[in-house]
Amino acid sequence: MTAVAVVGVSKEGMFLQKELASMLCTGERGDFECECIPPTLTSKCTSGATQQKPEEWQEECRSCREEKRREEKRREEKRREEREKRRRREKRREEKRREEEKRKKREKRREEKRREERERREEKKKRREREKRREEKRERREEKKR
Numbered sequence: 264m265t266a267v268a269v270v271g272v273s274k275e276g277m278f279l280q281k282e283l284a285s286m287l288c289t290g291e292r293g294d295f296e297c298e299c300i301p302p303t304l305t306s307k308c309t310s311g312a313t314q315q316k317p318e319e320w321q322e323e324c325r326s327c328r329e330e331k332r333r334e335e336k337r338r339e340e341k342r343r344e345e346r347e348k349r350r351r352r353e354k355r356r357e358e359k360r361r362e363e364e365k366r367k368k369r370e371k372r373r374e375e376k377r378r379e380e381r382e383r384r385e386e387k388k389k390r391r392e393r394e395k396r397r398e399e400k401r402e403r404r405e406e407k408k409r
């Protein structure tokens with residue numbers, strides 16, 4: 264017997280026509296995604312199985328699709344929240360990195376200023392020393408002249 268009837272719903276929500284004799288006797292569901300197909304279709308292959316009304320399945324499948332849609336929305340919401348969390352974490356990390364760079368630059372400038380100040384003091388000291396030696400030299404020459 265090869266009775267052809269609507270046997271399930273494809274992934275796109277389209278009703279599939281299959282040969283019941285080849286498909287249903289094995290209990291396989293093929294590529295059906297919808298779990299709400301009446302169990303009689305997969306458990307027995309008789310002309311009675313072809314009497315199922317596609318409208319009933321469609322109603323069940325519609326609710327099944329709605330549930331899947333809701334589930335997909337929940338998953339999408341979760342993914343969106345995860346992306347948002349990652350984005351915020353990345354933003355905080357970036358902000359910390361910038362703050363650290365600023366801090367290092369400030370520290371570097373401070374160190375540079377300290378170094379320059381130290382060099383100026385040393386230079387001043389050396390200048391005074393040179394002046395002092397010149398003055399002493401000059402005084403000695405003055406002494407010699409007298």
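With my numbering applied, the sequence shown corresponds to residues 264 to 409, in that order. Where a beta carbon is used, it is the ideal one built from N, C-alpha and C, also for glycine.
From glutamate 358 to lysine 395, what does the alpha carbon distance come to, in whole angstroms? Position 95 of the sequence shown, counting from 1, holds the residue named residue 358. Position 132 of the sequence shown, counting from 1, holds the residue named residue 395. Approximately 55 Å between the Cα atoms of the pair.
Rounded straight-line distance, which links the Cα of arginine 355 to that of arginine 369: Here residue 369 refers to the residue found at position 106 when the sequence shown is read from its first residue. Here residue 355 refers to the residue found at position 92 when the sequence shown is read from its first residue. Roughly 21 Å between the two C-alpha positions.
Once DSSP output is grouped into helix, strand and coil, what is the label at arginine 397? Counting from one through the sequence shown, the residue named residue 397 turns up at place 134. Arginine 397: helix per DSSP, three-state reduction.
Grouping DSSP H, G and I as helix and E and B as strand, with all else coil, what is arginine 409? Within the sequence shown, the letter at position 146 stands for residue 409. It is coil, neither helix nor strand.
Given glutamate 398, which residues of its chain have a CB within under 7 Å of its CB, disregarding the five upstream and five downstream residues? Here residue 398 corresponds to residue number 135 of the sequence shown, with the count starting at 1. So no residue of the chain qualifies.
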